[in-house]
Every structure is written in structure tokens, then in C-alpha cells.
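Working notes, structure below.
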Amino acid sequence: MKFTSLACALALGVLSSDLGLGNVGSSLMVNADAPEPVHVDVSPLFSEEEQAAMSESSEKYEFQAEVTRLMDIVINSLYKNKEIFLRELISNASDALDKARFKGIKEKNFLDTKKELEVRISYDKEARTLTIADSGVGMTKTELVENLGTVAKSGTTNFMENLGGEGDADLSMIGQFGVGFYSIYLVSEKVTVASKSNDDETQNVWSSQADGSFVVAPDPRGNTLGRGTEITMYLKDDASEYLDDYKIESLVKRYSEFITFPIYLRKTIEEVVAADEDEEDEYEYEDGEEEDLDEDEEEEEEEEEEEEEEEEGEESKKDTRVKGEAVDKSKVPDDHNPDPESPHDPTIKREIKKFEWVRANDNVAIWARDKEDVTSDEYKEFYRNLAKDGTTSNNWIHFKAEGEVEFKGILYIPDEAPHDMYDKFYEKDAKIRLYVRKVLITDDFDELVPQYLNFLRGVIDSDDLPLNVNREGLQQSKVLKVMGKKLVRKAIEMVRKLANADADWEPDEDDKDEKGTVKKSPYMRFWDQFGKSLKLGVIEDSANRSKLTKLLRYKTSKSGEEGWRSLEEYVADMKEWQTNIYYIAGESMEALESSPFLEKLKKKGLEVLYLIDPIDEYAMQQIMEFDGKRMMSVTKEGLKFGDEDEDLVAAREKAYKAKFLPLTTYLKDAYGTKISKVVVSSRVETSPVVIVTGQWGNSANMERIMRAQALSDRNKNSYLTSQKTMELNPRHPLVTKLLGMVEEDGGSQETKDAAMMLYDTAALTSGFTIEDVEAYTERMFRIMKGVVGVESFELEDEIEIVEEEDDEDEDEDDEDEDDLDDFEDEEDAGEPEL
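Read in order, the letters of the sequence shown correspond to residues -22 to -1, 1 to 812 in mature numbering (1 follows the signal peptide of the UniProt record, and there is no 0).
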């Protein structure tokens, strides 16, 4: 089978249903005159004799042109960062170990060749090599050729076919090697793979420089692995960072910390010991084997010993060097100064290097366990390791989603929100780590949950997630969308349970502060931190709006200063005849409490929601109704109550309208475009007048918020200004008096000023601003003129200052004469006092 074009190669290799790894087949390589000896350069991994033996027995293969091109794309185009190669290789090793464990269950003696199932990572700075070894199933010579010589070759399909389709097969395993293996060339200029399978008596070596060919030969070292695969990378010059303990360990902890099998890292330990303690020093490894120091290090130690002997032989030197620092023996007590001829002088210190295997993935994937088996302390500790920011969490949900897509996970809500939680809110994403079979795919995926849930922390692990060729770029597929919907439901469920628990909450000692004061309930603590996020959810998430609405909390006219009420509680306490849920928006509780719009509702004993957060009114515009009850603003026209006789109300309004027609007509003409209409209303109880807005227009509070926007333009946003209606209280004395003034002399300045002052006062008490402040000031001064009895605003003459210079000079002369008389009197009495 041959590809006719690169597009066909990509189509089969990338979009294969075999978990994105494809199964192109073994026909993509050809044997290029294998009998001819091939020179193999794999120094310094092998000695010259071993290289010569490999050259004699090696066979050379070449990739087909399409595959060579695909490799170039894989290596240079698909991967965004080089460090992904380590994740891919560890994932492949984990798959091989999974297969070995599975076969060990099926075949009694399968694991006898090597008992331990583990991954070991080591490096050599001098040789610039990085080695990853596993004790998995390993590969035969044929499998080396097929799996590593074919891009996008997956061993899973063949492996499962060999199992005979048994029902108890582990279907979660993916291939030993896929396209991910070729990410190795992001950091390597040459790669050598040694592998030993129980199905092959010989340990074989595969080697390639990604130059279009590779060679395979028996390993001249013999069976050094027992079983498994060892990958040795000869790193490029720009990949030196991967020859560092800290760098490798950090990558393992980032991407592979939850791999089931232990991952050991060979770390370098530097110690300073006395000279007699490090002679013939060897380190005993975990598996019982001993390894001496490298030859280069031994030579360095011998040179250091010779230098120290020369220094000791110099009579002028009376100090001992410890890591370059001199210790003056003359200052050491005699009992601490041994015989200088003694071969074991404890004052001589040396720095030596040791090596030890340290497990790098000691964290436990608790999400893979049953939640009944995980304690609260384990959940809290897992969150601390996950967040790594010093925060804590007492709220989490551990779940397993089933159905169209299956995945496990844990979601957390932090106890406290970051200080900049709502600064650049839409640039922050939820910190949810996405794993596939415990391998980290990404921790920066902004499409998984909506923005209003960006406070979430957690992990999810899926076996069904479709991946593209490099396991790095996630496809925007139906599976991901389904997963996102389930995560949102789980998050809302977690918050709902927290809210419902408030009803049975009883504070204990942990719920009190240092002064013994009881803290807020768990849900109200959450509300203080993340309440705005739920309101944003009401605005943005129409699919879950009804669920989120039940989680909202409000201050009300009956809740008190510290109390909060839910809409469900509001509806439960409604009057029998009440059909609307009333609310009012403003800057503060104090401002709303004294609002004239509440006078009628307070008289009727109706509860009113106080919207004091700027985002509240935006959210309320999306709710419209709750539990069949309409949301109604008390600051807008059309306000109605359910306990009135509609016929009586209509007749009374008709009578008032006829009586106050001269006044309403006069005021409308006087106000011009400031007011769209003036009507008589029964909305207010004690105030003379209020100004309301249209049912679908912006309220006074919304206009205030819009004007406060940093980038707002009043000229361009003028179309958003609501149409205002003035509602008069026909029973108020000021209104009836003004009616009389209009009927008697509507053209007088006094009547005009009274009419405009009525508008100014109504605008201020209704939450609007006065646009023409200068005219308002002039009217106020004219009214004050009449109140205080001022006849004219003409200024009085400036006060005159009378100058009295002559009198001042006479006073100064008198003072001088008095001083002279005093001095003469003192002189007669004796020495004057100075």
C-alpha cells in the first residue's frame, strides 16, 4: 500500500480512529540492500568493538518519501514546545508497562524476566545523552522495524487482536509507540532504542538520525534489560537544559506525576566528607547493584588527591583545604591536631559526587479511587498540591461522568478568591487540568468551562477524549462540548449542595473567630467571594439560568442589614394576592431605604429586593420571572398591586386626571424634553412627586452606572437615556397649591420657579442628576430671596477702612519715653538688668 500524496498520508496518519495515532501499516519502509554492512555510530553508548559488531550485523531501512515528509512536519510543525517529548516518551513507557502487567496476569511466568514495573530516567552531561528506560513488554526486531519505522503506527490494534477480543481485556491501553515518539527529534540529533521482548531471544538496537533511514541490529552488549525498552537521546546543542536534575524532575511532576507506575530519576548528590570516608566509596542502588563513580570523575579525584599531597608536603603551609577554604591548624587546639604524618587526617575534607535513584511521581491520583475511600484530609492535601498557591479548600465534588463520554474528576472551590479576581476578569481561566489516562494534556484550556466558572480548580481524566496527532492540540469536537456541559452541571451541583446545607448548618468552634464571634455560614462565605461570578452566569449562561437564579442572594426590605434572602424564600413569604416580585436598584442600602418609591409597598407590607451591586440590574434583566412570578421594578411605570379594586382605581384616576389637567399640561410645556409626560398616580404615599422610567428603558441607577464607565461617551450614548414620566401625588398640599398657582397666574416667575423646583427635587429623590446646574442655582437663590425677605440682589458697597496713622505715632513716642524713665530708675538703683 502506497500513498499517492502527502494529503492522503496526513489524512490516514492524523485522522485515524485509533486514538489519533493511526495505523498506517508496515509497508511504509523498504529494506535498502540489507546484507551490505552499515556503519553505525552510537558512541559513547557502545564501545568500538560493540560498534564494529553492530555494523557487521545491522540492516538498513529507508522511509518512503511521504513518510519522511510527514516526520518533518511532526518534528518541526506540530509541537508548540520542545518539552512535550518527555511527556510522550513517559506515556509510551507507561503503555508498555500496562501491557506487561496485563500479560503478567494472563501468563504466569511473563514477569519472571523482570519483576519491577517502573520507568527510570538518567542523563550523562559529558556524553550529552538522556536515557529513558522501562520494564514493559519490549519489542522484537520485527516490532522495532514496524513500530519505529512507520510514522503513526500504533501497536494497540494488533495487541488487542492478539488477545482474541476477550471481554476482560483492558481497552484503555494505547500503543507502545505512535507519532508522539517522533517528538524525540525536537531535542535529539540522534536516537538509539534498545529493546528486549519475551518473544525474542535477542536484545536488538534501533538507531536513526531522522535523516530518512534507520538501522536495526542485535545488541552487542547482550541482554542487559531483561525485558523492556531503553531510549537514549543524543541531545542537540540547544537542549542542554534537559541535562539538569531540577528541569527533568519539574517536567515529570508537571506532565506525568500521576502515572500509575513509579518513575525514578537518577540524581547527582554532592557531599563533603573526610578523606578516609570516601576511599573506595560505592553507592548501593535500590535494586542491590553497586555503581562506581564514572571514569572521568575518578580521574578528577586522583588529580585532587595529588594536589592535596603536594600541598601537605609544603612546610610553609599550615592549613588544610576544605572545598577551597583554608583551616589554620595553628588555631586548632592540640587535641584536635593529629599527627601530620597520619594517613587519615580528619581535617582533610573532600567533595565527592554520589548518585541515587529518587522517585519523581510520588503524588497519588485520588480521583481514580472511589470517593468513599478518600478522606477529607486527603482531599485537602491534594488541593494544596494542585493549587500550589497557599490557598485552602473545604468544598469539592468527586464524580464520575458516564454516558456519551466517560471521565473522572475532582472540582474544588477555593475558600478565598484572589485579590484580583475581577480585574481583567475575562483574561482569567479556570485552573482545571485535563488528563488522558493520568497523562497531563493541558492545564491552560479555556474552552472547557464558561468564564463565569473561572474560580474552579481541579482535574479531569478521560479515556475517551479524541486527540490529534501530537496529543497536544485538542479537537473542537462534540465530545469536548459534552464534557464541558457535564462539568458545568457538576460545578453548579456542588454550589447547590453548599447552599442547601445552610438550612441545617450549626456553627461549631471552627466557625468562630479569635473573639468567639460566629462566622458566616459556608454558603454565605462562598457568596461573599464568588457571588459576582454567579450573577455573570445568569447573564451569559441561558441554558443553566434557572439553576443559577436559585443560587442568588439579595438584601431585602425585610432581611435586615446582615441578612440575605433567596428568591425561593421571597416567593414562600409572598402575600396571597401578590403576583409580582418587586425590586429596586440603587447605590446603597441607606439610599434605598429612604426612597419615595417604597412608600406604597411598605404600607402594604410587601417585600422588596435591594439591588445594590452594579451587576445586579444587568442580571435581573435576564431573569424576567421566577417560579411564575414576574420581576417588577418599583422605579418604572406600570406598577400594579394585586389587592386593589381595578374599577375603583380606574374611576379615581379618571377623576384626578380631569382635575389636574391644567397642571399636567402646564408642567409638560414647562419641562419640554426633560419629561415625556406628566400624569397623576397613586404610586407614592407621602412624597409630592416622583419620576419613573419606561417599562423597557434604563432606570436611574442604570443611567448612573453607564455614565460612570471609563470609556463612555455621553453624546454617543444619548439614545440609551430613558423616557421619563413625572407622577404627581394628587393628595399632597404642594401639588394642589401649585395647581392653584397655575390656574391663577401661570406666567409669573414665582409659578415657573415652583414648577421647576418640583422637577429638580423629583429628579434628585428618584436617583437622577440635574443637568442644568446653573439654572437650578439661580432658581434656588430666587426662592431664598423671597423666603428671607431680600428686595434686591444688588451688592452693597465695600466696607470703608479709617486710617489712624497720627494716633499710632503718638502712642509709639509715649512708649519710648516710658522705657527711658524705667532705665534711669534702674541705673540709680544699681546695675541695670540686662
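We put the beta carbon where it would ideally sit given N, CA and C, even for glycine. From a predicted model like this one, the values you see are computed outputs, not experimental measurements.
Practice problem: Taking the CB atoms as reference points, tell me whether residue 91 and residue 244 lie closer together than 7 Å. | Solution: no
Quiz item: CB-CB under 6 Å to residue 465, same chain, minus the five flanking residues each way: which ones, in chain order?
Solution: 427
Practice problem: Whole angstroms is fine: what's the gap from residue 526's alpha carbon to residue 508's? | Solution: 13 Å
Quiz item: From residue 347 to residue 106, what does the alpha carbon distance come to, in whole angstroms?
Solution: 40 Å
Exercise. Throw me the rounded Cβ distance for the residue 822 and residue 544 pair, which I believe falls under 8 Å.
Key: Residue 822 lies beyond the stretch modelled for the chain, which goes from -22 to 812, so this question has no answer here.
Self-check item: Nearest to residue 531 (by Cα), restricted to the options 537, 523, 542 and 521
Solution: 542
Self-check item: Neighbourhood of residue 314 by C-beta, 7 Å cutoff - its chain only, sequence neighbours within 5 removed
Solution: Note that residue 314 has pLDDT 45, beneath the 50 cutoff, so the model's placement of it is unreliable and the number below is only indicative. Once the five neighbours on either side are set aside, residue 314 has no close Cβ partner at all.
Exercise. Note down, in chain order, each residue of its chain lying with its Cβ closer than 8 Å to the Cβ of residue 772, except the 5 sequence neighbours on either side.
Key: none
Quiz prompt | alpha helix (DSSP H) segment containing residue 514, residue limits | solution = 500 to 518
Quiz prompt | Distance between beta carbons of residue 573 and residue 862, contact taken as under 8 Å | solution = Outside the displayed range of the chain (-22 to 812) lies residue 862, so it cannot be described from this structure.
Exercise. Please name the residue in 538, 583, 121 and 613 whose C-alpha comes closest to that of residue 194.
Key: 121
Self-check item: residue 384 in three-state terms, based on DSSP
Solution: coil
Exercise. Quick one: residues in its chain with C-beta nearer than 7 Å to the C-beta of residue 145, no 5 flanking neighbours on either side, listed in chain order?
Key: Residue placement at residue 145 cannot be trusted, given a pLDDT of 40 that sits under 50; the coordinates are not used to answer.
Quiz item: With burial defined as no fewer than 16 other Cβ atoms inside 10 Å of the residue's Cβ, what is the status of residue 557: buried or exposed?
Solution: exposed
Quiz item: Rounded to a whole number of angstroms, what is the C-alpha to C-alpha distance between residue 660 and residue 571?
Solution: 20 Å
Quiz item: Relative to the C-alpha of residue 429, which residue among 497, 69 and 399 is closest?
Solution: 399
Practice problem: Would you identify the three-state DSSP class for residue 33, choosing helix, strand or coil? | Solution: helix
Self-check item: residue 214 versus 173, 242 and 162, residue with shortest Cα-Cα distance
Solution: 162
Self-check item: Close beta carbons around residue 175, own chain, < 8 Å, minus the five adjacent residues each side
Solution: 115, 116, 117, 118, 121 and 205
Quiz prompt | Reference residue 334, options 628, 99, 745 and 74, closest by Cα | solution = 99
Practice problem: Provide the residue span of the alpha helix (DSSP H) that contains residue 229, from first to last. | Solution: 223 to 233
Practice problem: Tell me whether residue 397 is buried or exposed, calling it buried when 16 or more other Cβ atoms sit within 10 Å of its Cβ. | Solution: exposed
Quiz item: If you draw a straight line from the C-alpha of residue 441 to the C-alpha of residue 248, how long is it?
Solution: 42 Å
Quiz item: Is residue 687 buried or exposed, if buried means 16 or more other CB atoms sit within 10 Å of its CB?
Solution: exposed
Quiz item: So, helix, strand or coil for residue 374, using DSSP?
Solution: strand
Practice problem: Using the DSSP secondary-structure output, state which residues sit across from residue 38 in a beta bridge. | Solution: 193
Quiz item: Would you call residue 159 buried or exposed, if buried means 16 or more other Cβ atoms sit within 10 Å of its Cβ?
Solution: buried
Exercise. Out of 726, 650 and 595, point me to the one whose CA is closest to residue 679's CA.
Key: 595
Self-check item: Residue environment, residue 632, which counts as buried when at least 16 other CB atoms sit within 10 Å
Solution: exposed
Quiz prompt | For residue 647 and residue 759, the rounded distance between their alpha carbons | solution = 23 Å
Quiz item: Helix, strand or coil for residue 743 per DSSP?
Solution: helix
Quiz item: If you measure from the beta carbon of residue 465 to each beta carbon in chain B, is any gap under 7 Å?
Solution: Included in the structure is just one protein chain, with no chain B present.
Quiz item: Excluding five sequence neighbours on each side, which residues of the same chain lie with their C-beta closer than 6 Å to the C-beta of residue 536?
Solution: 585
Self-check item: Where residue 777 falls, given that 16 or more other Cβ within 10 Å makes a residue buried
Solution: exposed
Quiz prompt | Of the listed residues 89, 681, 744 and 338, nearest to residue 228 (C-alpha basis) | solution = 338
Quiz item: How about residue 740 and residue 667: are their beta carbons less than 7 Å apart?
Solution: yes
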